[in-house]
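I have placed the structure first, in the form of structure tokens, so that the comments after it can refer back to it.
Chains as they are written, first to last, in this note's numbering: chain W, 44 to 161; chain D, 48 to 498.
In structure tokens:
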């Protein structure tokens, strides 16, 4: 079944200069291999379209079941130069929660936010 | 040597809430209360303000609020305070804290200021290359406002060894504020990268305050925490090997869980195996996180590698201005009116010959936050603000944004909601660039004051 990433992972973004790091954390250890396989750096960059202008590097942080995406050119030239209302990009991590991910049926009951699943 | 020490957070940034700091001072049973109040552009913004406003003392504008809130309880308990509220004038901040100590009747308290991070006059000699774009730093000469090196924990440790009960710094790396008491109490060698890696990792978890206790976290139905209006700031119970239990004052809202700790562990981190700080290179990929009780999470085994021979330096430069304003639509067809309004403004900016490096016209409520990442399937909102921003070389050009939005009041389209301008709609841009300087070229100094 395909579900939005919000059922599989939580996320937080942080700023440094013109680079935003978008970290994605599996809600369950069983979900982490799905993230690793399906949420590649290329797919994340494509999902953000022109909102990320530079290179995206993915770091796998196996000890905490997390992927850290370091996204260059994501903050409008840097926090102080940015014309975006959210110039720190603190809301940027929310977008990836809409990424569609394939989850095996047997994991359905473990998904977060069951009330939003049909 | 103590068998453990308790280090609490008092602020995660300049604008942070004061009440949780007071609560930590009163009920946290703390050995140390630490405040982090500086962002990347804080020093440059303070320099600009100091030039314009000779009455600006150059330290945290909320210094009085914070110190009034915590000094009585800290002095009663014997809690030491470490803070970077000195900004560009740690000496003046120290004098101000001495004033408050005297007001409260606490005499003989030693306060230390840490100086030496400001290297504006020397920076172009000390570093050749801008890290972000590889250009020579000499290209910044005409616009440079301020340059400051990120100092480590060592000068704070020196101040503690000198008997200071309150230490006030300018720019130091954020985790160093929290690392310093561990180094001092547990007599860690500044080159012991194993212990400093663990300690700095804990400092990293504490430096953003409520972000590890349930702040910047709640997402209803997915990640809920109790009483998110009532967060406690974190408290670290640190053992001599650096392993730590994170906790908070009982009865506060929020939560400390594996999830809150993991999210904060990677906050503002790039390569998790090589997080560069002045004191040590931190490796988060070996960290172990374990729940040991309600709102109690143990963090151990964060790795460390030897520190680099350089300090990071931030260089703030004047880079022009941003003009910004917004106006509003609602009801059926709000978006189609907003789209026509955008077209009108684009044409009018040509008529007034707006010279801008970048212009952005957003539909707030639809695409202002995620911009180009907004899905094409996003539903049409009932209300929309048209929000316009332009970055320009001069303030006069930036002012054109607000002036053309004024024109939308009677020369726009039907049902346009418009504010009467009540504030300056232009602001100065301070661009921040980074470089590296040889650490031996930056020598901190410690000065002592007494109440």
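We put the CB at the ideal spot given by N, CA and C, even for glycine.
Go to residue 376/D, then tell me how far its beta strand (DSSP E) extends in each direction, as first and last residue.
From DSSP, the beta strand (DSSP E) with residue 376/D extends over 357–377.
Residues of its chain near residue 112/D, where Cβ-Cβ distance is below 6 Å and the 5 sequence neighbours each way are ignored
Cβ neighbours of residue 112/D beyond the five flanking positions: 65.
DSSP state of residue 259/D mapped onto helix, strand, coil:
In the three-state DSSP reduction, residue 259/D falls in the helix class (H, G or I).
First through last residue of the beta strand (DSSP E) which encompasses residue 100/W:
The continuous beta strand (DSSP E) containing residue 100/W extends over residues 99–104.
Counted within 10 angstroms of its Cβ, other Cβ atoms place residue 149/W as buried (16 or more) or exposed:
With fewer than 16 other Cβ atoms within 10 Å, it is exposed.
Do you know how far the Cα of residue 410/D is from the Cα of residue 392/D?
For residue 392/D and residue 410/D, the distance between alpha carbons rounds to 13 Å.
Contacting residues, own chain, Cβ-Cβ under 8 Å from residue 477/D (five flanking each side not counted)
If we look at residue 477/D and ignore the five residues flanking it on each side, its Cβ neighbours are 88, 91, 92, 95, 192, 363, 364, 365, 366.
Could you tell me which uninterrupted beta strand (DSSP E) segments, each at least 3 residues in length, are contained entirely in the region 55–103 of chain W, listed from first to last along the chain?
Listed in chain order, they are 62–69.
By DSSP's criteria, residue 430/D is part of a beta bridge. Which residues make up the other side?
377/D, per the DSSP bridge assignment.
Check whether the region 119–127 of chain D and the region 182–189 of chain D are in contact - that is, three or more C-beta pairs closer than 8 Å.
By the Cβ rule, the region 119–127 of chain D does not count as touching the region 182–189 of chain D, because fewer than three pairs are nearer than 8 Å.
Do you know offhand how far residue 211/D's Cα is from residue 62/D's?
Per the coordinates, the alpha-carbon of residue 211/D lies some 26 Å from the alpha-carbon of residue 62/D.
On a Cα-Cα basis, can you pick out the residue from 119/D, 264/D, 430/D that is closest to residue 145/D?
When each option's Cα is compared against that of residue 145/D, the closest is 119/D.
Closer than 8 Å to chain W by CB, residue 268/D:
Interface annotation, residue 268/D: in contact with chain W, CB-CB separation under 8 Å.
I need the straight-line Cα distance from residue 115/W to residue 136/W, nearest angstrom please.
Those two C-alpha atoms are separated by around 14 Å.
Would you call the CB atoms of residue 162/D and residue 492/D closer than 8 Å?
In this structure, residue 162/D places its C-beta atom within 8 Å of the C-beta atom of residue 492/D.
Using DSSP's beta-bridge definition, name the partner residues of residue 112/W.
Beta-bridge partners of residue 112/W (DSSP): 65/W, 101/W.
Contact the region 399–414 of chain D vs the region 347–360 of chain D: 3+ CB pairs below 8 Å:
Contact fails between the region 399–414 of chain D and the region 347–360 of chain D, because fewer than three Cβ pairs, one in each stretch, are under 8 Å apart.
Touching or not, the region 227–237 of chain D and the region 328–341 of chain D, by the rule of three or more beta carbon pairs under 8 Å?
No, the region 227–237 of chain D is not in contact with the region 328–341 of chain D.
Going along the chain, which residues of its own chain have a beta-carbon closer than 6 Å to the beta-carbon of residue 456/D, five neighbours each way excluded?
465, listed in sequence order.
Quick one: which chain D residues come within Cβ less than 8 Å of residue 94/W?
Think of a sphere of 8 Å around the beta carbon of residue 94/W: the chain D residues whose beta carbon falls inside it are 417, 418, 419, 420, in chain order.
Can the beta-carbon of residue 386/D be found less than 8 Å from the beta-carbon of residue 314/D?
Cβ distance not < 8 Å, so residue 386/D and residue 314/D don't count as in contact.
So residue 316/D and residue 483/D are in contact, right, with Cβ under 8 Å, and what is the actual spacing, rounded?
Incorrect: roughly 19 Å between the Cβ atoms, too far for contact.
Cβ neighbour criterion (16 or more within 10 Å) applied to residue 48/D
Under this definition residue 48/D is an exposed residue.
Kindly say whether residue 369/D, judged by its beta-carbon, lies nearer than 8 Å to any beta-carbon of chain W.
Chain W, which has a Cβ nearer than 8 Å to the Cβ of residue 369/D, makes this yes.
Leaving out five residues on either side along the sequence, give the residues of the same chain with a beta carbon under 6 Å from the beta carbon of residue 249/D.
So the qualifying residues of the chain are 283, 291.
Closest to residue 383/D by CA distance: which of 399/D, 422/D, 160/D, 432/D is it?
Out of 399/D, 422/D, 160/D, 432/D, 432/D has the C-alpha closest to the C-alpha of residue 383/D.
Proximal residues of chain D, C-beta to C-beta of residue 141/W below 7 Å
Residues of chain D whose Cβ lies closer than 7 Å to the Cβ of residue 141/W are, in chain order, 422.
What's the C-alpha gap between residue 224/D and residue 299/D?
Cα-Cα distance, rounded: 24 Å.
Who are the Cβ neighbours of residue 234/D in its own chain at under 8 Å, not counting the five residues just before and after it?
If we look at residue 234/D and ignore the five residues flanking it on each side, its Cβ neighbours are 48.
Out of 339/D, 395/D, 422/D, 463/D, which one is the CA nearest neighbour of residue 380/D?
Measuring C-alpha to C-alpha distances from residue 380/D to each of 339/D, 395/D, 422/D, 463/D identifies 463/D as the nearest.
Sort 256/D, 390/D, 288/D, 356/D by Cα distance to residue 312/D and report the nearest one.
Here the closest residue by C-alpha is 256/D.
In chain order, what are the residue ranges of uninterrupted beta strand (DSSP E) at least 3 long that sit wholly in the region 71–140 of chain D?
List check, beta strand (DSSP E) in window: 79–82, 127–130.
Answer with buried or exposed for residue 160/W, where buried requires no fewer than 16 other C-beta atoms within 10 angstroms of its C-beta.
So residue 160/W counts as exposed.
Per-residue contacts from residue 482/D into chain W (C-beta, under 9 Å)
Near residue 482/D there are no residues of chain W at all, since even the closest Cβ is about 12 Å away, more than 9 Å.
Residue 398/D: buried (16+ other C-beta within 10 angstroms of its C-beta) or exposed?
Looking at its Cβ environment, which holds fewer than 16 other Cβ atoms inside 10 Å, residue 398/D is exposed.
DSSP beta-bridge partners for residue 492/D?
DSSP lists 162/D as the bridge partner or partners of residue 492/D.
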